[in-house]
Each structure stands twice: as structure tokens, then as C-alpha cells.
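So, in C-alpha cells, the structure goes:
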């Protein structure tokens, strides 16, 4: 039986550095630095002991390539889902997507875009319970290739503003 009170991990990632121009915004690919940064993101996740039940990724080329770099570094995921709503959505929509996951899911990685990803991290983080350095970093800057790691005790359906603990904000490629 699944323990409904077990800690869950939510990692929110902004895609790695992308080229400035392409035929469309969806088609923007990672730059050379972005490919290197995606690998660095993956190595950091492996070193920190993270693996994921589900990866929820925007459909944009740069987010797919970011996931490919993370996975190539050895990050394990049981299920990878590409969803246009992560590309189009605001924090409220991404929060709705998270609420669709069952209690059995313990670890999620969402790879998306600014401003949605950093705004969602800021909304979910309880500033009193969170790491003060991580909160300051989140509110200061959330560049491409940045990761925010949050933990929560509640099921995904119970995620609300200030219901998670922000433990880490890092940009491994820098």
C-alpha cells in the first residue's frame, strides 16, 4: 500500500540556453552552451541522487533537447511525457497538470520555460519552511538551465501556494 504521507519531490527546470532565432519559438534549439548545460544539469541531478517517476516536458525543441541531455547524463525516469500545455501554460495550468498524477508518483521533473517555471516555484515554496538561500536565489534570478527542488508531504492534488519546501535552487552549468 502507498504511504500517503511519504515525502514527494518536485524538480522544476528551466530549459538550457537556446539559440535566439528559429522558424518559430517552438523550434528554437539549444545552443552549444545549452547542450553542455543540459549535461551539467543531469550530472548534478545524478550526484544529488535524483531519479524520477515521471518527467513532464514542454513540447518545444529546446525542452526536449534539455531532457535528452539530462537523460544522457544518467538521470533515470520511469515515464517521460511531452505536453503542449507545459509550453503554453501559466503556473496555474501547470499546477493543474501536477494534480492529475496519482499518489503513487513520488518524484516529478517538469521541464519548461520562464516565466512559468520560476513563478510556479515561487508560488509553491513556503518561505518560512524553505531554505533561505534557495528562496533568495529563486527571487534573484532563474536563468536558463536552472533547477528548483521542492519537497512536499501532501498528494499532488493538494498542492497549493506555500505548500512545499524549497530546498535547492542551482544552475549547474555555471
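Residue numbers (my numbering): 77 to 250. Idealized CB from N, CA, C, for every residue including glycine. Quick caveat, the model's predicted, so the values are computed rather than measured.
Limits of the alpha helix (DSSP H) - the one that residue i falls within
i	result
residue 162	160-164
residue 182	Here residue 182 belongs to no alpha helix (DSSP H), and DSSP marks it neither H nor E.
residue 89	Run containing residue 89: none in the alpha helix (DSSP H); it sits in the beta strand (DSSP E), 84-90.
residue 121	108-123
residue 212	208-216
residue 198	192-200
residue 44	Beyond the ends of the chain as shown, which are 77 and 250, falls residue 44; an answer cannot be given.
Counted within 10 angstroms of its Cβ, other Cβ atoms place residue i as buried (16 or more) or exposed
i	result
residue 249	buried
residue 110	buried
residue 92	buried
residue 100	exposed
residue 103	exposed
residue 108	exposed
residue 166	exposed
residue 116	buried
residue 247	buried
residue 197	buried
residue 236	exposed
Alpha carbon of residue i to alpha carbon of residue j, nearest angstrom
i	j	result
residue 244	residue 163	24 angstroms
residue 85	residue 192	18 angstroms
residue 207	residue 194	16 angstroms
residue 211	residue 151	25 angstroms
residue 135	residue 169	15 angstroms
residue 155	residue 183	11 angstroms
residue 223	residue 90	7 angstroms
residue 122	residue 149	8 angstroms
residue 234	residue 177	11 angstroms
residue 240	residue 174	13 angstroms
residue 142	residue 202	28 angstroms
residue 124	residue 227	14 angstroms
residue 132	residue 185	6 angstroms
residue 113	residue 221	6 angstroms
residue 205	residue 199	13 angstroms
residue 229	residue 137	33 angstroms
residue 225	residue 126	10 angstroms
residue 161	residue 209	31 angstroms
Supposed contact pair residue j and residue i - C-beta distance, whole angstroms, cut 8 angstroms
i	j	result
residue 95	residue 105	5 angstroms
residue 187	residue 157	The Cβ separation is near 11 angstroms, so there is no contact.
Extent of the continuous beta strand (DSSP E) to which residue i belongs
i	result
residue 151	Segment: none, residue 151 is in no beta strand (DSSP E) and carries neither H nor E.
residue 226	223-228
residue 129	128-133
residue 242	241-246
Proximity test, residue i beta-carbon vs the ligand SAH heavy atom, cut-off 6 angstroms
i	result
residue 155	In terms of ligand content, the structure shown is empty, and the ligand SAH therefore cannot be addressed.
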